[in-house]
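Visitor: Mind having a look at this structure? Questions to follow.
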Amino acid sequence: MSNPDRPLVSILVVSWNGLDLLERYFGHVVERTLADDPRHEIILVDNGSVDETMAFVTSRFPGVKTLRLEQNQGFGGGANAGARLATHPILAILNNDAEPTPGFLEPLPGLFADPALFAVMARSLVTTRDMQEEAAQRLRFRRGRLVPVTDPGFAARATTTLPILYASGGMMAFHRERFMELGGFDDLFRPAYWEDVDLSMRAWRRGWKVLYEPSSVMHHQHRATNFRPELRAEYLVIANRNWHLFAWKHLDGARLWSRYAAWEAAYMLHGLLTGDPLRLKAFIRALPLLPRALRGRALERAAGPIRGSEILARFGALEWLGDRREA
Numbered sequence: 046m047s048n049p050d051r052p053l054v055s056i057l058v059v060s061w062n063g064l065d066l067l068e069r070y071f072g073h074v075v076e077r078t079l080a081d082d083p084r085h086e087i088i089l090v091d092n093g094s095v096d097e098t099m100a101f102v103t104s105r106f107p108g109v110k111t112l113r114l115e116q117n118q119g120f121g122g123g124a125n126a127g128a129r130l131a132t133h134p135i136l137a138i139l140n141n142d143a144e145p146t147p148g149f150l151e152p153l154p155g156l157f158a159d160p161a162l163f164a165v166m167a168r169s170l171v172t173t174r175d176m177q178e179e180a181a182q183r184l185r186f187r188r189g190r191l192v193p194v195t196d197p198g199f200a201a202r203a204t205t206t207l208p209i210l211y212a213s214g215g216m217m218a219f220h221r222e223r224f225m226e227l228g229g230f231d232d233l234f235r236p237a238y239w240e241d242v243d244l245s246m247r248a249w250r251r252g253w254k255v256l257y258e259p260s261s262v263m264h265h266q267h268r269a270t271n272f273r274p275e276l277r278a279e280y281l282v283i284a285n286r287n288w289h290l291f292a293w294k295h296l297d298g299a300r301l302w303s304r305y306a307a308w309e310a311a312y313m314l315h316g317l318l319t320g321d322p323l324r325l326k327a328f329i330r331a332l333p334l335l336p337r338a339l340r341g342r343a344l345e346r347a348a349g350p351i352r353g354s355e356i357l358a359r360f361g362a363l364e365w366l367g368d369r370r371e372a
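The working numbering puts the first residue of the sequence shown at 46, with every later residue one more than the last.
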């Protein structure tokens, strides 16, 4: 029997031409969500697909709310559109290539009793990497960039709820009102990449928490949509472009900026000399968005006194500098 005092969850799945993935995973999402509490709601956003996504969902799962976008709004845009339909206090966004395990929602309502909580990342095991845990990939500032590195000590610590820099992976659950207060994912990063790190950074800068919860478990076929062979080259450029946008919005301190500028110049020169223009192409694509990134930077500075470098240092991203307090 469901607990009438327990906060309810709006499950949101955004899909773009992902019928094959929905056929594989979406039934498990519906079944395991409603098994937790039949009052939870499930929302499917069709992000401008040209396949039979809507026909599949409406015929097989008539209780699911659906929203069809005529054009692909990117992951963040699709998630923001779906969030506006959500009615419950907890908003859980699942990838269309993620399969929740039974009981995955059980720990979430209790966590959100914390008045400072913004987001929770589930334990996300990557099926294409021998069940490697996504949260073990942490950001480190190396050679002028924040890059993902595997944290060898994560497994020993990850036996209980703990704070993390950002929520990503197969499922991210949010305090819906705070998600909407921040405007959701920043459209600056459309269509994808770095929008999840940016959102969590904005939350931390306001004094809100982002947590990892190991007892909520997902199996995730990481990048099954965006890194299809025909899309790989374009999305590598977009991921690199969005790194610049994130840096312009959140990096601060002369030491970080000098290393960022020097290394990026070296990357682009090396690419020109070796016939690999990816880094230069990404930078050129980012430049027209510089004014928007700087406006976002100004908004973040006005939102509170916590600097971006302070958040990065708190989670060890700047350990190489030899000083966790000063960037």
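Ideal Cβ placement from N, Cα and C applies to all residues, glycine included.
Are there 16 or more other CB atoms within 10 angstroms of the CB of P350, so buried, or fewer, so exposed?
Guide: Exposed: under 16 other Cβ atoms inside 10 Å.
Visitor: Do you know whose CA, among I329, A248 and D297, lies nearest A310's CA?
Guide: I329
Visitor: Tell me whether G353 is buried or exposed, calling it buried when 16 or more other Cβ atoms sit within 10 Å of its Cβ.
Guide: Buried, by the Cβ-count rule.
Visitor: Excluding the 5 residues preceding and the 5 following L139 in the sequence, name in chain order all residues of the same chain whose CB lies nearer than 8 Å to its CB.
Guide: I56, L57, V58, V74, P145, G215, M216 and M263
Visitor: Near T78, which residues of its chain fall below 7 Å by C-beta distance, leaving aside the five closest residues on each side in sequence?
Guide: Take T78, set aside five residues on each side of it, and the residues of its chain with a beta-carbon closer than 7 Å to its own are I56, H85, I87 and L150, in chain order.
Visitor: Whose C-alpha, out of V171, S245 and K254, is nearest the C-alpha of Q182?
Guide: V171
Visitor: Starting from R183, follow the beta strand (DSSP E) in both directions and report where the run begins and ends.
Guide: Q182 to R187
Visitor: Can you tell which of P259, E222 and A161 has its C-alpha closest to the C-alpha of T205?
Guide: P259
Visitor: Pairs of beta-carbons, one from the region 313-333 and one from the region 224-239, closer than 8 Å: are there three or more?
Guide: no
Visitor: Please identify the residue among G298, R250, S261 and P107 whose C-alpha is closest to the C-alpha of A348.
Guide: The option with the nearest alpha carbon to A348 is R250.
Visitor: Should I209 and A180 be called a contact, given that it needs their Cβ atoms to be closer than 8 Å?
Guide: yes
Visitor: Output the boundary residues of the alpha helix (DSSP H) element that contains E222.
Guide: R221 to E226
Visitor: Quick check on the burial criterion: 16 or more other C-beta atoms within 10 angstroms. Buried or exposed for R370?
Guide: Any reading at R370 must be qualified, since the residue scores a pLDDT of 41, below 50, and its modelled position is unreliable; the value itself is stated next. Classification of R370: exposed, given that the 10 Å Cβ count is below 16.
Visitor: So for T195, helix, strand or coil by DSSP?
Guide: strand
Visitor: Under three-state DSSP, which class holds S354?
Guide: helix
Visitor: I need the boundaries of the alpha helix (DSSP H) containing Y257, first residue and last residue.
Guide: Looking at the DSSP string, Y257 is not in any alpha helix (DSSP H); the run it does join, the beta strand (DSSP E), is K254 to H265.
Visitor: Starting from the C-beta of L114, find all residues in its chain whose C-beta is less than 7 Å away, skip the five residues before and the five after it, and write them out in chain order.
Guide: V90, D91, N92, G93, G123 and A126
Visitor: Whose C-beta lies closer than 6 Å to the C-beta of F106 among residues of the same chain, with five residues either side of it excluded?
Guide: V75
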